[in-house]
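Report on the following structure.
In full-length UniProt numbering, the protein residues as written are 1 to 382.
What follows is the structure, given as structure tokens:
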């Protein structure tokens, strides 16, 4: 008899620690400082790598992909040398996104510039069906960052256009944005309010001293006040990340020593139901300071081990999900745990054959919405 299990999405959606992912920006400095993309993914520290960056223009076109000396190939698409490394990262369950932005005024805006840009990004970076600057690899998503004040593109419309393409092609594309820490972000607010962003990495470094810990104007308390503004206003469909610099040299304002982060910031930040983890700026600084290595075991909430007990006996199929959920609290959780335990023991006693004993399938759940999507599960406990 066949046993069908509805699996969780993948490694990033179900990390070992709920809300415990680390993302990192990669590509703006050379190999000597960054190492290879493969080395970055093999470090074991990151669940998302953001390639930086691609300049886009108001008419929906884009410039050459700028990844420093990592694109040392020849021919029409010199960055295609990264194709096998990107695929290597994806095979390890690590999402690879492309960051886009504008640092100078582009050409004249067209009526459907956002749709044109969305189609260009889809064809060259997301579909995997035709050669692009990175070869024929299909990236996992698009990140919006480094937006010029005079950019005429409507970023909310771009997000909607990419989302429409993913629906039309039935292919999940992850969308993210990197706003500065003062809420709301003047340039990215409309994109965030669409509710279509999977990740929002709030930059608590460099730009705004009023909400950057260890700046001349702010402390950890000020950072957390700004954090609560973000977590309470951003649509709950988006996971919010603390954007932190790994540069301990003092050149980038806002560096928070690992121990201070773990003692003063993370305990409060993790209370938000839409907390997603930490975004690191950037791989070069992190490679030197080993910041992500120091914090990776502390950025998630308690381990949420979901044990789905699948029992197949003749025509009977039953499943229980024993894990922590904010949907079930107090005495209800206690009763659920007792009932599920008794049922588990009863079925063990019923089956004489070792092969008929329940199979234990471990699934890790990142959020309540992810939990609700696991239709094979019925009840939840710690």
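Virtual Cβ for every residue (Gly too), placed ideally from N, Cα, C. For clarity, every value in this text was computed on a predicted model and none was experimentally measured.
- Rounded to whole angstroms, the gap between the alpha carbons of residue 217 and residue 229 is 18 Å.
- Closest by C-alpha distance to residue 39, out of 159, 176 and 92, is 92.
- Residue pairing from DSSP places residue 203 in a beta bridge opposite 180 and 243.
- Shown here for residue 291: same chain residues with a beta carbon closer than 6 Å to its own, the five before and five after excluded, namely 246 in chain order.
- The three-state reading of DSSP puts residue 22 in strand, counting E and B together.
- Per the coordinates, the alpha-carbon of residue 185 lies some 29 Å from the alpha-carbon of residue 171.
- When C-alpha distances from residue 60 are compared across 260, 300, 151 and 223, the shortest belongs to 151.
- For residue 281 against residue 250, the beta-carbon gap comes to about 15 Å, at or over 8 Å, which does not count as contact.
- Membership of residue 281 in the beta strand (DSSP E) is indicated by the continuous run 275-281.
- In the structure shown, residue 140 falls within a coil segment according to DSSP collapsed to helix, strand and coil.
- Taking 8 Å as the upper bound for CB-CB distance, residue 23 and residue 201 are in contact here, some 7 Å apart.
- For residue 268, no beta strand (DSSP E) segment is defined; the enclosing uninterrupted segment is the alpha helix (DSSP H) at 266-269.
- Residue 52 has 99 as its beta-bridge partners, per DSSP.
- Taking C-alpha positions only, residue 52 is separated from residue 65 by approximately 8 Å.
- For residue 197, there is no enclosing beta strand (DSSP E), as DSSP marks it with neither H nor E.
- When secondary structure is reduced to three states using DSSP, residue 42 falls in the helix class.
- Bounds of the beta strand (DSSP E) holding residue 65 are 62-65.
- In the displayed model, residue 188 falls within coil according to three-state DSSP, outside both helix and strand.
- Nearest C-alpha to residue 145 among 126, 177, 210 and 162: 177.
- A straight line joining the alpha-carbon of residue 49 with that of residue 110 spans about 32 Å.
- Around residue 219, the same chain offers 213 as residues with beta carbons nearer than 8 Å, after the five sequence neighbours per side are excluded.
- Counted as a single uninterrupted DSSP element, the stretch harbouring residue 130 is not any alpha helix (DSSP H), since DSSP gives it neither H nor E.
- A direct Cα-to-Cα measurement between residue 294 and residue 272 gives close to 22 Å.
- Taking C-beta atoms as the reference points, residue 153 and residue 114 count as a pair closer than 9 Å.
- Taking all protein chains in view, the Cβ of residue 99 is crowded by 16 or more other Cβ atoms within 10 Å, so the residue is classified as buried.
- Only buried fits residue 45, as 16 or more other CB atoms lie within 10 angstroms of its CB.
- With respect to residue 81, residue 88 sits apart: the two C-beta atoms are not nearer than 9 Å.
- Under the criterion of beta carbons closer than 8 Å, residue 79 and residue 97 do not qualify as touching, at roughly 15 Å.
- The beta carbons of residue 183 and residue 276 sit no closer together than 9 Å.
- Separation of residue 127 and residue 83 (C-alpha to C-alpha, rounded to the nearest whole angstrom) is 14 Å.
- Between residue 224 and residue 181, the gap from beta carbon to beta carbon reaches 9 Å or more.
- Under a 10 Å Cβ-count criterion, residue 85 is classified as buried, with 16 or more other Cβ atoms of the shown protein chains found around its own Cβ.
- With respect to the 9 Å criterion, residue 117 and residue 56 are classified as neighbours on the basis of their beta carbons.
- Within 10 angstroms of the beta-carbon of residue 167 lie fewer than 16 other beta-carbons, which makes it exposed.
- In the structure shown, the three-state DSSP call for residue 117 is helix.
- Per DSSP, the unbroken alpha helix (DSSP H) holding residue 158 starts and ends at 155-169.
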